[in-house]
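Undergrad: These protein sequences, in sequence, are chains A and B. For what it's worth, the working numbering labels the leading residue of the first sequence as 1, then goes sequentially. For what it's worth, the working numbering labels the leading residue of the second sequence as 1001, then goes sequentially. Quick reminder that beta carbons are idealized off the backbone N, C-alpha and C, glycines included. Bear in mind the structure is a predicted one, so any value in this text is a computation, not a measurement. Have a look at this one.
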Amino acid sequence: MGGKASHLPKESLSEYQELTFLTKQEINEAHKKFCQLQTRENGPMERVSMQIIMTLPELKSNPFRERICHVFSTSDRKDGSLSFEDFLDLLSAFSDSATLEIKSHYAFRIFDFDDDGTLDGEDLRKLVNCLTGETDDARLTSEEMRQLIGNILEESDIDKDGTVNLSEFQHVISRSPDFVSSFKIVL
Amino acid sequence: MDPTDAVFSTDHRVPSSHLLLDQLPSYQSLLYRRKSSGSARRRGSGRVRQPSVISGKWLEQKTVHSGEELRPVRELPKSMEDKRQEKEQRLQQGGAPIGWGLWRLNVHRSLKRLKEDGMDLLSSLQLWRADVHLIEGMFGTGILSYFSFLRFLVLLNFIMFLLMFVFVMLPVIITSHTSLNITYSSTDVRDCSVYPSSSRQGLVVFHQHITDLLSGTGFLEQTYLFYGYYRLEFIHSAFSYNLPLAYLLTTVSYLLLSLVWIVKRSASGFKRKLIQDEDRFQSFCNKIFAGWDFCITDENAARLKRSSLLYELKMDLEEERIKQKMANRTRCERFRIYMLRAAVNLFVVAVLISCFFCIYVATVFSQQKQDEEQSNFLLELMVEYLPSIVITLANFITPLIFNLIISFEDYSPAFEIRFTLMRCVFMRLASIGVLLFSLWSQITCGSSHCSCGYNHHRYPCWETHVGQEMYKLVIFDFLIIAAVTIFIEFPRKIIVNHCDCALAKWWGQQEFAIPQNVLEIVYGQTICWIGTFYCPLLPAINTVKYFLVFYLKKVSLMTNCRPATRPFRASSSHFFFLVVLLIGLALASVPVTVSIAEIPPSRACGPFVNYTSSWMVVPRVITQLPHSLSSVLMALASEACAVSLFVITCLGMFYVIALAGAHKRVIEQLRDQLAMEGRDKRFLIQKLCQAQQGVFARSPDRGCHGNRQDAGLYFVRETKA
């Protein structure tokens, strides 16, 4: 899985092709990118830390970059660092050919800021703030925020327990026309 | 589905909780469902490996379930390591395939890879891939959809050109270079067949070449560019090629091809639109959960996206408040607003009529003046281009007026935009209609002195003339687009950037307004559809035009413009573009159909000299066919066939309507089920609370709260599975 080798061995390439939605070209591209990131880390580490991953131009301006790293990281230390395979998983979920189910699943986990399995009012508030920007003048007023969260819950919270769970989220997303086209990252 | 399945299977394996689960509110509906699909599920739960922890069971249930559906491993939301394990497990479970099975698996796999590689290659051949990617990264999906629409039109025009080239132009080109037997269209010698040459005699001044090039007259008139040049009737070689028939059928087929292609492209958008309309209360969820374009790579674009999202959210919340206010209007206020709206609409109609009248007058004037020899070169060009200039002016001024007056009408903000847009669409497309109408009124000269069925005196070859008008419109449209970019947007950018005065700041940078830009290219496309019959090379010109427009717009977007403050959503825009295009197509096919079926073709030029109308080619060919075939074709065209087809279509439509109703009910039921499961969950949690309160009666701090968290964890496991 990398090191300094500039080329992936053929069998792992075909395995990755089978396990992800990426094409051969994209996997090679991803490998090249990842090797570049690795060289910026001190020494050939298997994992690349979150800070360095986030310097990627594709993630640099994304307000959810930290969440994305955390969700796709398989690190035991929960530091958001990514191995090459995690990186491929990330790209696979964000690729054009990934299914709606995969995309909505990961979107749910990205939006679930406190990792408790449901989107509650606090998660939604953080989500809206991420979207509109953190500065004070960019924020919605608390009254507007209350109204907005109320609206969102009214639209999506089918069982009326005050939170949005995964199946409700997927239900909503499946009817959201923009989701598939917007939830993608191409290297 | 999954939660119920899990609950359901726990029901079987853990008998202690049986009583509790029997009390579930959704138990009855589950029982019902078990009857239909129970057997398959039981087989699934038989394969469970190690049911140790509850969450383990969850995971198990999910994997087994997905194994049943034989979902590819890559569609599981798991990390790579887990996916690899899963794959190996599946291989073991299925037993390692040997011999034939292995071979088949390998072949299947390599075929799939071959297909993927092929798709890769195809997508890398796609036009402007890198440009589109760049635009996407800098401006998001809304503006991207404009450019992919443009790309689609380039392709469509190119295909139309190929059609025309292969079936109409190529035979003529071949015959002009080889010695094939040719039958020229000729008619009984009468005044009508006189076609005076329009190419200039004697010494030609250079600027006249420019005039000819821009207006399609002079040396351009007798070329492959226009209808009049195609005078062949039959080309005899091994078989006889019927050029008039080919010409007609190609025209019909390019219109049909465009229709089918657009409908096919818009089908997905239409479906989404239907879904959206069905419950329109999902707009907030769509904005929040799908609001961010993850493909944005540019810091500046990200900032823009944030501000536009904020703006949009604020507007929507505002709109909701306005709607509430509207609902609370008194009767008197309502009456006042309706009166106001009626007055404004009257005003709009007046503006439209005056615009149309101007176009009509300009066209008639230009047609009459064209006969007279002009002394001044610029004046001549002005006269030639008068209709185009008036149309462009009208289309420039009216949107401004519409934008101004819409604020008096007191609609909700979203509706305001849509309504203005609809008015602009109407204006754009109707102006072409008016132009064609005024041309038609000149060509068919009412009642007097029309011995040939059309005004032969002024238009010896009226199709070529219409072709020239369309050619001029296309060229002028392109010139305007280029000129606006170079002479207005670019200086404006410079002024705004380098001048600190208040006026420049107020003016600001040009906005890249998607609807107006789309209208512009749809207008061009409509002209192309109308003109292709009269000017067979028009699709080629249009292809080149859109090709250049792409780069012009890209440069203008990158350097001169900022995206509009009110963003245009990719989903709604995609559908909107195609709907406007469809309206354009419908509008274009009307004049083409009328001129094919009704107006007598010119006696002096073109392939249809011998026919009373262009369409007559088809009946004549059919009568020449063998008797059995022609009677079949006649039967197909008869009323009986039409009526039965109509009835069958109606039946099909009723079936689809019934199906849609059924689907709607299924959706409602599924919603109910989801709600029911929510109630189940709360019920279970309550029960757990009670049970734990019983156990931990002495430590009140670990009560219901802890359980809630447990339940939460439970769901986390499920999501991570």
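If we call anything under 9 Å between Cβ atoms a contact, is B/L1304 one with B/K1287?
TA: The answer is no: Cβ separation not under 9 Å.
Undergrad: Answer yes or no: does any C-beta atom of chain A fall closer than 9 Å to that of B/N1106?
TA: It does not: the Cβ of B/N1106 has no partner Cβ on chain A nearer than 9 Å.
Undergrad: Identify the continuous alpha helix (DSSP H) that holds B/I1135 and give its terminal residues.
TA: Residues 1129-1139.
Undergrad: Any contact between the region 1434-1443 of chain B and the region 1453-1462 of chain B? By contact I mean 3 or more CB pairs, one from each, below 8 Å.
TA: Counting Cβ pairs under 8 Å, three or more are found: they touch.
Undergrad: From the beta carbon of B/V1073, is the nearest beta carbon of chain A less than 9 Å away?
TA: Chain A, which has a Cβ nearer than 9 Å to the Cβ of B/V1073, makes this yes.
Undergrad: Would you say A/Q147 faces chain B, with C-beta separation under 9 Å as the test?
TA: Taking Cβ atoms only, chain B reaches closer than 9 Å to A/Q147, which makes this a yes.
Undergrad: For B/L1091 versus B/K1083, is the C-beta distance shorter than 9 Å?
TA: Cβ distance not < 9 Å, so B/L1091 and B/K1083 don't count as in contact.
Undergrad: Given that a residue counts as buried once 16 or more other Cβ atoms are within 10 Å of its Cβ, and exposed if not, what is B/V1695?
TA: Exposed.
Undergrad: With DSSP as the reference, label B/N1328 as helix, strand or coil.
TA: Here B/N1328 sits in coil by DSSP.
Undergrad: Any C-beta of chain A sitting closer than 9 Å to the C-beta of B/Y1678?
TA: The amino acid occupying residue 1678 of chain B in the given sequence is Gly; Tyr does not appear at that position. Chain A contact via Cβ: present.
Undergrad: Given 8 Å as the limit, is there contact between the region 1536-1546 of chain B and the region 1154-1174 of chain B, that is, 3 or more CB pairs closer than that?
TA: Counting Cβ pairs under 8 Å, three or more are found: they touch.
Undergrad: Counting only beta-carbon atoms, is A/T55 nearer than 9 Å to chain B?
TA: So no, A/T55 is outside the interface.
Undergrad: Just mark B/R1151 as buried or exposed, buried being the case when its beta carbon has 16 or more other beta carbons within 10 Å.
TA: Counting Cβ neighbours within 10 Å, B/R1151 comes out buried, since at least 16 surround it.
Undergrad: Measure from the alpha carbon of A/V172 to the alpha carbon of each residue in B/F1356, B/Q1692, B/I1667, B/V1263, then state which is nearest.
TA: Cα-wise, what sits closest to A/V172 is B/I1667.
Undergrad: Whose Cβ in chain A lies nearer than 8 Å to the Cβ of B/A1675?
TA: Chain A residues near B/A1675: I158, D159, K160.
Undergrad: Threshold first: 3 residues or longer. Then list the beta strand (DSSP E) segments lying entirely within the region 1619-1652 of chain B, N to C.
TA: DSSP runs (the beta strand (DSSP E)) wholly in the region 1619-1652 of chain B: none.
Undergrad: Identify which residue in B/M1169, B/A1246, B/S1124 has its Cα closest to the Cα of B/F1608.
TA: Nearest C-alpha to B/F1608: B/A1246.
Undergrad: Could you list which residues in chain A have their beta carbon closer than 8 Å to that of B/R1084, in chain order?
TA: Here the neighbours are E15, L19.
Undergrad: At a Cβ threshold of 9 Å, is A/S182 touching chain B?
TA: Answer yes: the Cβ-Cβ gap between A/S182 and chain B drops below 9 Å somewhere.
Undergrad: I want to see whether chain B comes within less than 9 Å of A/V186, judged by CB atoms only; does it?
TA: Yes - at least one Cβ of chain B is within 9 Å of the one on A/V186.
Undergrad: Excluding the 5 residues preceding and the 5 following B/L1244 in the sequence, name in chain order all residues of the same chain whose CB lies nearer than 6 Å to its CB.
TA: Reading the sequence as shown, one finds Pro at residue 1244 of chain B and not Leu. Contacts found: P1607, F1608, V1617.
Undergrad: Tell me which residues share the same chain as B/L1351 and place their Cβ nearer than 7 Å to its Cβ, disregarding the 5 neighbours each side in the sequence.
TA: Sequence check: residue 1351 of chain B is Val here, not Leu. Answer for B/V1351: T1398, I1401, listed in chain order.
Undergrad: Can you name the residues of chain B whose CB is closer than 7 Å to the CB of A/N151?
TA: Per Cβ cutoff of 7 Å: F1284.
Undergrad: Would you be able to state if there are at least three C-beta pairs under 8 Å between the region 1544-1563 of chain B and the region 1217-1229 of chain B?
TA: Too few Cβ pairs lie closer than 8 Å, so no.
Undergrad: Leaving out five residues on either side along the sequence, give the residues of the same chain with a beta carbon under 6 Å from the beta carbon of B/S1589.
TA: Result list for B/S1589: L1255, in chain order.
Undergrad: For the pair the region 1494-1513 of chain B and the region 1412-1429 of chain B, tell me if three or more CB-CB distances fall below 8 Å.
TA: The answer is no - the region 1412-1429 of chain B does not touch the region 1494-1513 of chain B, with fewer than three Cβ pairs under 8 Å.
Undergrad: Opposite B/R1562 in the DSSP bridges: which residues?
TA: In the DSSP output, where bridge partners are listed per residue, B/R1562 has B/E1511.
Undergrad: Return yes when the Cβ of A/L153 is within less than 9 Å of the Cβ of A/G121, no when it is not.
TA: Against a cut-off of 9 Å, the Cβ pair of A/L153 and A/G121 comes out as a contact.
Undergrad: Can you give me the Cβ contacts of B/T1211 inside the same chain, cut-off strictly under 8 Å, excluding the 5 residues immediately before and after it?
TA: For B/T1211, where only same-chain residues beyond five positions count, the Cβ hits under 8 Å are T1217, G1218, F1377, E1380, L1381, E1384.
Undergrad: Candidates B/L1249, B/A1642, B/W1507: which alpha carbon is nearest B/V1621's?
TA: Out of B/L1249, B/A1642, B/W1507, B/L1249 has the C-alpha closest to the C-alpha of B/V1621.
Undergrad: Measure the beta-carbon distance from B/R1562 to B/Q1509 and round it to whole angstroms, keeping in mind my assumption that it falls under 8 Å.
TA: The Cβ separation is near 5 Å, so the contact holds.
Undergrad: Buried or exposed: which applies to B/G1118, given that a residue is buried once 16 or more other Cβ atoms fall within 10 Å of its Cβ?
TA: Exposed, since its Cβ has fewer than 16 Cβ neighbours within 10 Å.
Undergrad: Comparing the C-beta of B/A1290 with each C-beta of chain A, is any distance below 9 Å?
TA: With 9 Å as the cut-off, B/A1290 counts as an interface residue toward chain A.
Undergrad: Since A/L119 sits in a beta bridge, which residues does DSSP pair it with?
TA: According to DSSP, A/L119 bridges with A/V164.
Undergrad: Compute the beta-carbon to beta-carbon distance between A/Q17 and A/K24, rounded to the nearest angstrom, for a pair I have assumed lies under 8 Å.
TA: Rounded, the Cβ-Cβ distance is 6 Å, consistent with contact.
Undergrad: Between B/Q1370 and the rest of its own chain, which residues show a CB-CB distance below 8 Å, the 5 nearest in sequence each way excluded?
TA: Once the five neighbours on either side are set aside, the close Cβ partners of B/Q1370 are V1383, E1384.
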